[in-house]
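**Student:** Take the position in the sequence shown, starting the count at 1, then add 94; the result is the number in our numbering.
Cβ atoms here follow ideal geometry from the backbone N, Cα and C, with glycine treated the same way.
Here's a structure for you.
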Amino acid sequence: MRVLKNAVSTCSPAGFARLLFLCLFLSGGLVSTAQANCADIRPTKPGEIYFMRGLANIFSLGLDAFAKEISDLGIENCVFNHTHWQAVVNDVVERGYKNEVSEPVIIVGHSLGANIAPLMASRIGSHGIKVYYVAMMDPVEPTRVGKNVREIENFYLPKNKDTLLRPTRDFDGDLKNTNLKQWRQGFDHFNIDEKRSLRSIIKKRILELVESTMQENDAQPQD
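Following this line, the structure appears as structure tokens:
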């Protein structure tokens with residue numbers, strides 16, 4: 095089992111049979127500024143939740159608190175900087191060939207992480223692996239999403255430039271752009287990931303998908 099060697103990062107192998115991706119990418123000190131926080135848990139529920147931070151690792155810290163909430167529910171998850179998204183995709187795809195991906199796959203991103211989230215989901219989906227849900231917290235550029243992404247919502251704050259999410263021609267899921275200024279006051283780009291009102295909505299959807307998957311698994315005939 096590969097473990098993280100970078101001294102400034104933390105990633106425990108315990109309970110992570112399916113979440114070695116970030117350890118693999120960061121091992122050997124390849125990325126000296128990475129802050130990888132992977133849940134050190136023994137999962138009791140299915141799913142892989144990927145939280146992507148924005149610029150550097152001094153922002154988007156609300157995602158760390160969000161990830162702890164998900165850990166407390168017994169679901170595997172990892173928080174990482176958006177610049178490492180391709181390594182995560184590579185790992186998911188590799189494990190997909192071995193039938194080792196734990197559904198539902200879910201992505202949550204803030205700022206630049208929100209920008210990358212639909213691209214990451216589309217890239218995973220292009221390999222035939224379903225991404226069940228993507229939640230974007232205030233991206234900074236317009237984005238597009240492709241096939242095998244079941245549901246994606248862009249929680250955005252209006253800016254001088256367009257930051258809406260749009261489908262590609264082969265997208266066949268559910269897409270929604272939600273203007274937070276019309277929904278609730280007090281949100282800005284730097285605190286959106288810390289707002290419990292928004293996190294509770296996203297967490298509720300995550301739990302619905304996880305529990306639906308558990309019911310489907312229970313309904314399957316046992317060998």
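Could you pull the start and end residues of the alpha helix (DSSP H) that Val-195 belongs to?
**Tutor:** Along the sequence shown, read from residue 1 onward, the residue named residue 195 stands at position 101. Careful: Val-195 lies outside any alpha helix (DSSP H) and carries neither H nor E.
**Student:** Within 10 angstroms of its Cβ, does Ser-291 collect 16 or more other Cβ (buried), or is it exposed?
**Tutor:** Working through the sequence shown from its first residue, we reach residue 291 at position 197. That one is exposed.
**Student:** Buried or exposed for Trp-179, please, with buried defined as at least 16 other CB atoms from any protein chain shown within 10 angstroms of its CB.
**Tutor:** Mapped onto the sequence shown, residue 179 falls at position 85. Its Cβ being crowded by 16 or more others within 10 Å, Trp-179 is buried.
**Student:** Which of the three DSSP states is assigned to Phe-265 in this structure?
**Tutor:** Locating residue 265 in the sequence shown gives position 171, where the first residue counts as 1. It is coil, neither helix nor strand.
**Student:** Is DSSP giving Gly-203 helix, strand or coil here?
**Tutor:** Position 109 of the sequence shown holds residue 203. Three-state DSSP puts Gly-203 in a strand.
**Student:** Need the endpoints of the beta strand (DSSP E) that Arg-147 sits in, please.
**Tutor:** Counted from its first residue, the sequence shown places residue 147 at position 53. From DSSP, the beta strand (DSSP E) with Arg-147 extends over 142-147.
**Student:** With DSSP as the reference, please indicate the residues paired to Met-231 in a beta bridge.
**Tutor:** On the sequence shown, residue 231 is found 137 positions in, with the first residue counted as 1. DSSP output for Met-231 lists His-204, Phe-249 as bridge partner(s).
**Student:** With a CB to CB cut of under 7 Å and the five nearest residues on each side skipped, what residues in its chain are close to Pro-137?
**Tutor:** Indexing the sequence shown from 1 puts residue 137 at position 43. Same-chain partners within the cutoff: Gly-109, Gly-168, Ile-169, Glu-170.
**Student:** Tell me, which residues are paired with Phe-174 by DSSP?
**Tutor:** In the sequence shown, residue 174 corresponds to position 80, counting from 1. In the DSSP output, where bridge partners are listed per residue, Phe-174 has Met-146.
**Student:** Between which two residues does the alpha helix (DSSP H) harbouring Thr-307 extend?
**Tutor:** The sequence position of residue 307 within the sequence shown is 213, counting from 1. Its alpha helix (DSSP H) spans residues 290-313.
**Student:** Compute the distance between the beta-carbons of Ile-210 and Met-146, then report whether it is under 8 Å.
**Tutor:** Position 116 of the sequence shown, counted from the start, is the residue given in the question as residue 210. Position 52 of the sequence shown, counted from the start, is the residue given in the question as residue 146. For Ile-210 and Met-146, yes; Cβs fall inside 8 Å.
**Student:** Buried or exposed: His-221, going by 16 or more other Cβ atoms within 10 Å of its Cβ?
**Tutor:** Numbered from 1 along the sequence shown, position 127 holds the residue referred to as residue 221. Exposed.
**Student:** Among Tyr-226, Val-173, Gly-190, which residue has its Cα nearest to the Cα of Gly-207?
**Tutor:** The residue labelled residue 207 in the question sits at position 113 within the sequence shown. Among Tyr-226, Val-173, Gly-190, the Cα nearest to that of Gly-207 belongs to Val-173.
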